[in-house]
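**Q**
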Amino acid sequence: MRRQPPVHSPTSFHSLLAGLAGAMGADATSTVRRLIQAHWQATDVVLTDSGTSALALAITASVRANRLVAIPAYGCYDLATAVAAADARAVLYDVDPETLAPNRTSLQRALDAGAGTVVVAAWYGVPVDLDILQPMIAASGAIMIEDAAQAIGTEWHTRPAGGAGAFGVLSFGRGKGLNGGGGGALLANTPQAVALARAVVVSEPRRSRGFSAVFRAAAQWAL
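In this note's numbering, the protein residues as written are 2 to 224.
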């Protein structure tokens, strides 16, 4: 069957049958949370309805009084959507055209402008050299959100993408490395991040049997 990377969703017919069985069985929310927490070595996990919602929660939890968030100038428009949802303001930084990692000079300007939160994304699953960025961000007192929506399945120094920042953002929607038909997760990887996240998370999405997610995933697989 034809596919167009990187939008291809690696979903097997067997996994669709398993999802259907799960929708007809007991609630698996706690199991999903436990599996995510173990794999990403996260201190805490908040399940969300999408990766964008997870990013909006991370921004809401970490943003300073000036509500300034540094995001890459190149990327998915959902970055700006999440900033708007968090009622924050965006300052853009450039990315390196060869690696798609943050341009350090441009990122430093964003930090100097007062950005208290920095979103670092691994586009197309290409890992970002966090050993260089983390000291820069920490020196300014900012909090790093590692957006691993497109990077599930990649690692940095044996740790899964999304597990190195104070917050990690995962997406399980169409075109992602781990397609669940939809949904996302916010990873809190430090005690401080856990406290910040729990201060803004009122409730997790309403649980459903999951039939709609199975149907969407089946349609994506078939088409």
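We put the CB at the ideal spot given by N, CA and C, even for glycine. Fair warning: this is a prediction, and the values are worked out from it, not measured in the lab.
Between Arg160 and Met137, is the Cβ-Cβ spacing less than 8 Å?
**A** For the purposes of this step, residue 160 is taken as residue 159 along the sequence shown, with counting starting at 1. For the purposes of this step, residue 137 is taken as residue 136 along the sequence shown, with counting starting at 1. Contact: no.
**Q** Quick check: what's the CA-CA separation for Trp1 versus Met145?
**A** Residue 1 lies beyond the stretch modelled for the chain, which goes from 2 to 224, so this question has no answer here.
**Q** Quick check: what's the CA-CA separation for Arg90 versus Val121?
**A** Walking along the sequence shown from the start, residue 90 turns up at place 89. Walking along the sequence shown from the start, residue 121 turns up at place 120. The straight-line gap from Cα to Cα measures roughly 16 Å.
**Q** In angstroms with no decimal places, state the Cα-to-Cα distance between Thr32 and Val96.
**A** Indexing the sequence shown from 1 puts residue 32 at position 31. Indexing the sequence shown from 1 puts residue 96 at position 95. Spanning the two alpha carbons is a distance of roughly 37 Å.
**Q** Curious, which full-length beta strand (DSSP E) runs of at least 3 residues does the region 56-110 contain?
**A** Correct list: 69-73 and 90-94.
**Q** Assuming the contact rule is C-beta atoms closer than 8 Å, Thr61 and Val201 should be a hit. Round their C-beta distance to whole Å, please.
**A** Locating residue 61 in the sequence shown gives position 60, counting from the first residue. Locating residue 201 in the sequence shown gives position 200, counting from the first residue. With a Cβ gap of about 5 Å, Thr61 and Val201 count as contacting.
**Q** Considering only the alpha carbon of each residue, which of Asp50, Gly117 and Ser63 lies closest to Ala71?
**A** Numbered from its first residue, the sequence shown carries residue 71 at position 70. The option with the nearest alpha carbon to Ala71 is Gly117.
**Q** Could you tell me whether the Cβ of Thr118 comes closer than 8 Å to any Cβ of chain B?
**A** Absent from the structure: chain B. Only one protein chain is present.
**Q** Do you know offhand how far Val215's Cα is from Gly182's?
**A** Taking the first residue of the sequence shown as position 1, residue 215 is located at position 214. Taking the first residue of the sequence shown as position 1, residue 182 is located at position 181. Taking the straight line from one Cα to the other gives about 6 Å.
**Q** Which one of Leu36, Leu179, Arg35 and Gln193 has the shortest CA to CA distance from Gly126?
**A** Reading the sequence shown from its first residue, position 125 is the one you call residue 126. Looking at the Cα atoms, Leu179 is the closest of the given residues.
**Q** Go to Asp28, then tell me how far its alpha helix (DSSP H) extends in each direction, as first and last residue.
**A** Within the sequence shown, residue 28 is the residue found at index 27, counting from 1. Looking at the DSSP string, Asp28 is not in any alpha helix (DSSP H), and its letter there is neither H nor E.
**Q** Could you round the C-beta distance between Ala198 and Leu36 to whole angstroms and report it? I think they count as a contact, below 8 Å.
**A** Reading the sequence shown from its first residue, position 197 is the one you call residue 198. Reading the sequence shown from its first residue, position 35 is the one you call residue 36. Going by Cβ atoms, the distance from Ala198 to Leu36 rounds to 19 Å, so no, they are not a contact pair.
**Q** Tell me which residues share the same chain as Ala162 and place their Cβ nearer than 6 Å to its Cβ, disregarding the 5 neighbours each side in the sequence.
**A** By 1-based counting over the sequence shown, the position of residue 162 is 161. Once the five neighbours on either side are set aside, the close Cβ partners of Ala162 are Ala123, Ala149, Ala152 and Thr155.
**Q** Give the straight-line distance between the Cα atoms of Leu21 and Leu80, rounded to the nearest whole angstrom.
**A** What you label residue 21 is simply residue 20 of the sequence shown in a count that begins at 1. What you label residue 80 is simply residue 79 of the sequence shown in a count that begins at 1. Taking the straight line from one Cα to the other gives about 32 Å.
**Q** If you draw a straight line from the alpha carbon of Gly19 to that of Gly115, how long is it in whole angstroms?
**A** Counting from 1 along the sequence shown, the entry for residue 19 is found at position 18. Counting from 1 along the sequence shown, the entry for residue 115 is found at position 114. Before going further, note that residue 19 is Ala rather than Gly in the sequence given. Their backbone Cα atoms lie some 48 Å apart in a straight line.
**Q** Helix, strand or coil: which one does DSSP assign to Pro136?
**A** Here residue 136 refers to the residue found at position 135 when the sequence shown is read from its first residue. Three-state result, Pro136: helix.
**Q** May I have the straight-line CA-CA distance separating Arg217 from Gly184, to the nearest angstrom?
**A** For the purposes of this step, residue 217 is identified with residue 216 of the sequence shown, where counting begins at 1. For the purposes of this step, residue 184 is identified with residue 183 of the sequence shown, where counting begins at 1. Distance between the alpha carbons of Arg217 and Gly184 is about 12 Å.
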